[in-house]
Amino acid sequence: MIILAATPIGNLKDASVRLIETLEAAETVACEDTRVTAKLLRALGVENRPRLLALHDHNEREKAAELVEAAREADLVVMSDAGMPTVSDPGYHLVQAAVAAGVGVTIVPGPSAVVSALAISGLPTDRFTFEGFLPRKQGDRLGALGDLVRERRTMVFFESPNRLAASLADIASVLGDERRVAVCRELTKLFEEVKRGGAASLVPWAEAGVKGEIVLVVAGAEPLEVNLATGVAQVLELVADGTRLKDAAAAIAEATGLSKRDLYEAALQSRR
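Residues 213 to 484 in our numbering are what the sequence shown lists, from first letter to last.
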């Protein structure tokens, strides 16, 4: 089968006993960078020297089928340089191919920068969305943030330290100066740091220069205050676009918490 193995994101002591046992028994490891993985094996005191195969963004699609077939015969361990494979790292296409081919996939769980940053951000953790890296170009970045204006879940992004100040400024511009943000830097490492505050207030700090691995956690949008009158107006907008009245009332009721029956009857009355 294929074994997805999470590796430390900074502190080597976060390597689990199960990870080390898995590496001691592994015959083949598909990894993002063979040099990084070889160094990790030595640092963890793993005496086994498995065959290391490079699996990265540039070759994963073409290698997936071959690796899946190999995994039918012997376990294949899959690792990224740090954290959980497939989560903004190589591995997704391999797992997709394995599932399609009926090859088993299991996991050796461990560190994840996404959930670690979310946990210490001080922002709501009950519902969240991981958005990967924000676009490099400002126009694309503003567009991506515009799509998230009404997102009520906490949002988690990866970001380059070189673009952090620009991204914070764009978040302030699109989502609001006071939108709460937590910048989590160098998680689990010696110089771990978390800066919290309104998006605009953190721009000067970021402009002064930030180094290291960055995870950006952004609060979701506050729920809109909607009364029956505004809810009915939204229902009628959907109806004007071709949605059935019953379905429109149900959609707005779910989005706003208003009564579906009240919305339906009030919208029906307004059309008479």
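Here a beta-carbon is modelled for each residue, glycine too, at the ideal position from N, C-alpha and C.
- For Leu428, the closest C-alpha among the options Leu264, Gly443, Pro435 and Thr366 is that of Thr366.
- Partner residues in the beta bridge of Gly409, as assigned by DSSP, are Val393.
- Between the C-alpha atoms of Met291 and Gly421 there is a straight-line separation of about 31 Å.
- When DSSP reads this structure, Glu371 sits in a beta bridge with Ile426.
- In the structure shown, Gly344 adopts extended strand secondary structure according to DSSP, grouped into three states.
- No residue range can be given for Val258, since it is assigned to no beta strand (DSSP E) and is classified by DSSP as neither H nor E.
- Secondary structure of Val299 (DSSP, three-state): coil.
- Residue pairing for Ile214: DSSP places it in a beta bridge opposite Leu288 and Val317.
- In this structure Ala242 is in contact with Leu267, their Cβ atoms being roughly 4 Å apart against a cut-off of 8 Å.
- Boundaries around Thr240 are those of the beta strand (DSSP E), Thr240 to Cys243, since no alpha helix (DSSP H) includes it.
- Put simply, the backbone Cα of Gln308 is about 35 Å away from that of Val406.
- Here the alpha carbons of Gly322 and Glu449 stand approximately 47 Å from one another.
- With a contact defined as Cβ atoms closer than 8 Å, Leu335 and Arg392 qualify at about 6 Å.
- Where Leu360 is concerned, there is no enclosing alpha helix (DSSP H), because DSSP gives it neither an H nor an E.
- Annotated three-state conformation of Leu265 is strand, per DSSP.
- By the Cβ-count criterion, Glu371 is buried, with 16 or more other Cβ atoms from all chains shown falling within 10 Å of its own Cβ.
- When Cβ pairs closer than 8 Å are counted between the two stretches, the segment 371-381 is seen to touch the segment 408-425, the count reaching three or more.
- In the three-state DSSP reduction, Thr442 falls in the helix class (H, G or I).
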